[in-house]
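S.K.: As given, the protein sequences belong to chains A and B, one line each in that order. Be aware that the first sequence starts at 40, since it is given in this note's numbering, and climbs by one per residue. Be aware that the second sequence starts at 259, since it is given in this note's numbering, and climbs by one per residue. All residues carry an ideal CB built from backbone N, CA and C; glycine is no exception. It should be emphasised that the depicted structure is a prediction, and the values quoted were computed from it without experimental measurement. Starting off with a structure, shown below.
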Amino acid sequence: MYVVVTGGGKVGLNLARELIGNGHEVTLIEGWRPRYLRIEQELEHAVQYGDATELWVLERAGVQRADLVVAVTGDDEDNMLICQVAKEKYMCARIIARVNNPRNVQHFKLLGVQPAVSATDLILNLIEHDIPGHGLVHLLDLPDEQLEIIEVEVTEDAPAAGLRVADMELPEGSLVISVLCPGKPGFVPTADTVVNPGDEVLLVLDPGLEEQITMQFNPNGVRTGG
Amino acid sequence: MTTRVPAMFVLIVGAGRVGSSVARSALAAGHEVSILDEDPLSHERLEVGLEGSWEDNGGRFTVGTGIEMEALTAAGIDQADVFIASTDGDNTNLTIAQIARKRYGVEHVIVRVLDPARSDWYAEKHGLNTVCPTKHAIQQFEQALVTAAG
Numbered sequence: 040m041y042v043v044v045t046g047g048g049k050v051g052l053n054l055a056r057e058l059i060g061n062g063h064e065v066t067l068i069e070g071w072r073p074r075y076l077r078i079e080q081e082l083e084h085a086v087q088y089g090d091a092t093e094l095w096v097l098e099r100a101g102v103q104r105a106d107l108v109v110a111v112t113g114d115d116e117d118n119m120l121i122c123q124v125a126k127e128k129y130m131c132a133r134i135i136a137r138v139n140n141p142r143n144v145q146h147f148k149l150l151g152v153q154p155a156v157s158a159t160d161l162i163l164n165l166i167e168h169d170i171p172g173h174g175l176v177h178l179l180d181l182p183d184e185q186l187e188i189i190e191v192e193v194t195e196d197a198p199a200a201g202l203r204v205a206d207m208e209l210p211e212g213s214l215v216i217s218v219l220c221p222g223k224p225g226f227v228p229t230a231d232t233v234v235n236p237g238d239e240v241l242l243v244l245d246p247g248l249e250e251q252i253t254m255q256f257n258p259n260g261v262r263t264g265g
Numbered sequence: 259m260t261t262r263v264p265a266m267f268v269l270i271v272g273a274g275r276v277g278s279s280v281a282r283s284a285l286a287a288g289h290e291v292s293i294l295d296e297d298p299l300s301h302e303r304l305e306v307g308l309e310g311s312w313e314d315n316g317g318r319f320t321v322g323t324g325i326e327m328e329a330l331t332a333a334g335i336d337q338a339d340v341f342i343a344s345t346d347g348d349n350t351n352l353t354i355a356q357i358a359r360k361r362y363g364v365e366h367v368i369v370r371v372l373d374p375a376r377s378d379w380y381a382e383k384h385g386l387n388t389v390c391p392t393k394h395a396i397q398q399f400e401q402a403l404v405t406a407a408g
């Protein structure tokens, strides 16, 4: 795979190293001269000097034949526009953008730059995930597909506790895809699987069903995430 | 006092030399003008050559950046007929111009882009009204060179 990475900070440089180590062809673009010179000692021809928001710099790096463009500079506007031209002008099949300020996630979406990865949001999700009895946790949002995957812990007083999956009163547009019992590996349930208090249940949902799902599995759960 | 109906509501993000001049002339032309700039000092630049304060002359000024929705709202983007992105950064201008167009549906979006290549591409592909000072400078230099050569 040919990957163009823009931004030679901690994220970009380590990404480039790993991708090269995995046998991929990589060009890293760094616009700050001292940093470029430092990286060049290690990556040699795999790093180029220039402002990756300029079209000729992207073209010089061979963006036209890139299978993937990853924009991980420390500037959200730069990352958005690099990915936007990679996708719309150079017809790059895949783009990945880094979001520095999570409040800008909505702007990445608006400009059609997806996926946009926010480290802050990822860590926040992990923190919420680690707090027990916290109700419903968003594991994955697929905005293009209009689906989300959530996890919810089953409480004693839940209407669904002790029921077979087939007997649960789940809203249309929701499906139990995995059951995690404490101390055991997770498994994909059948219609006969009984879900008990203390289990964690993974569901795939149409957006907007979170409240109904929380009512079934964790009626006192505080809604979080998303 | 007569009530003057403003011809247009013009929101200008970035009141440097360009933005502040356009702001003053738009105000003088009878438009409602709101400025959004992250630097409070820009307020002083706006008042150069004005009698009285920017606000006394009917202008609005909000401190903030064009990528913050709260700042755009405070500056009145919901009423804007014209959005001018004239900060000193191409990438900021191109981003906020698209936000103004796509999220707020502002009818006229004018954006300063120093990079001629992207000025052309965003005009063609995204229908933005791009203004490229670099292109004008190139033309003037070339013209001056022709004149010098006689």
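Given that a residue counts as buried once 16 or more other Cβ atoms are within 10 Å of its Cβ, and exposed if not, what is glutamine 185 (chain A)?
M.R.: exposed
S.K.: For glycine 172 (chain A), I'd like the list of residues in its chain whose CB is within less than 7 Å of its CB, leaving aside the five on either flank, ordered along the chain.
M.R.: Confidence at glycine 172 (chain A) is low in this model, with a pLDDT of 49, below 50, so the placement of that residue should be treated as unreliable; the coordinate-derived value is given next. The residues are Glu192.
S.K.: Histidine 289 (chain B): which of B:Ile270, B:Gln397, B:Leu299 and B:Ala332 sits nearest, CA to CA?
M.R.: B:Ile270
S.K.: Roughly how many angstroms separate the alpha carbons of arginine 56 (chain A) and valine 42 (chain A), rounded to a whole number?
M.R.: 12 Å
S.K.: Along chain B, which residues have their Cβ under 7 Å away from the Cβ of aspartate 117 (chain A)?
M.R.: Asn349
S.K.: Report the neighbours of leucine 352 (chain B) on chain A: residues whose CB is nearer than 7 Å to its CB, in chain order.
M.R.: Leu120
S.K.: Could you check what DSSP says for threonine 405 (chain B) in three-state terms: helix, strand or coil?
M.R.: Note: threonine 405 (chain B) maps to helix in three-state DSSP.
S.K.: Helix, strand or coil for alanine 284 (chain B), going by three-state DSSP, please let me know.
M.R.: helix
S.K.: Counting contacts by CB-CB distance shorter than 8 Å, is alanine 375 (chain B) in contact with chain A?
M.R.: Interface residue, yes.
S.K.: Taking only runs of the alpha helix (DSSP H) that begin and end inside the region 93-165 of chain A, which ones reach a length of at least 4 residues, in chain order?
M.R.: Taking only runs of at least 4 residues, the alpha helix (DSSP H) segments lying wholly in the region 93-165 of chain A are 94-99, 115-127 and 144-149.
S.K.: Show which residues of chain A have a CB atom less than 8 Å away from the CB atom of tryptophan 379 (chain B).
M.R.: Leu94, Val124 and Lys128
S.K.: Can you tell me where the beta strand (DSSP E) with aspartate 180 (chain A) in it begins and where it stops?
M.R.: 175-181
S.K.: For isoleucine 357 (chain B), decide whether its Cβ has a neighbour in chain A, counting only Cβ atoms nearer than 8 Å.
M.R.: Cβ-Cβ to chain A under 8 Å: yes for isoleucine 357 (chain B).
S.K.: Taking any Cβ of chain A, which residues in the region 312-329 of chain B have a Cβ under 7 Å from it, in chain order?
M.R.: Ile325
S.K.: Starting from histidine 366 (chain B), follow its DSSP beta bridges and name the residues at the other end.
M.R.: B:Val340
S.K.: For phenylalanine 399 (chain B), is the classification buried or exposed, using 16 other Cβ atoms within 10 angstroms of its Cβ as the cut-off for buried?
M.R.: exposed
S.K.: Checking 8 Å against the spacing of the C-beta atoms, do asparagine 118 (chain A) and arginine 142 (chain A) come in under that value?
M.R.: Contact check for asparagine 118 (chain A) against arginine 142 (chain A) fails: the beta carbons are separated by 8 Å or more.
S.K.: Can you check whether the C-beta of asparagine 139 (chain A) is within less than 8 Å of a C-beta belonging to chain B?
M.R.: no
S.K.: Just curious, the alpha helix (DSSP H) that asparagine 387 (chain B) is in, first and last residue?
M.R.: Segment 387-389 is the beta strand (DSSP E) holding asparagine 387 (chain B); no alpha helix (DSSP H) there.
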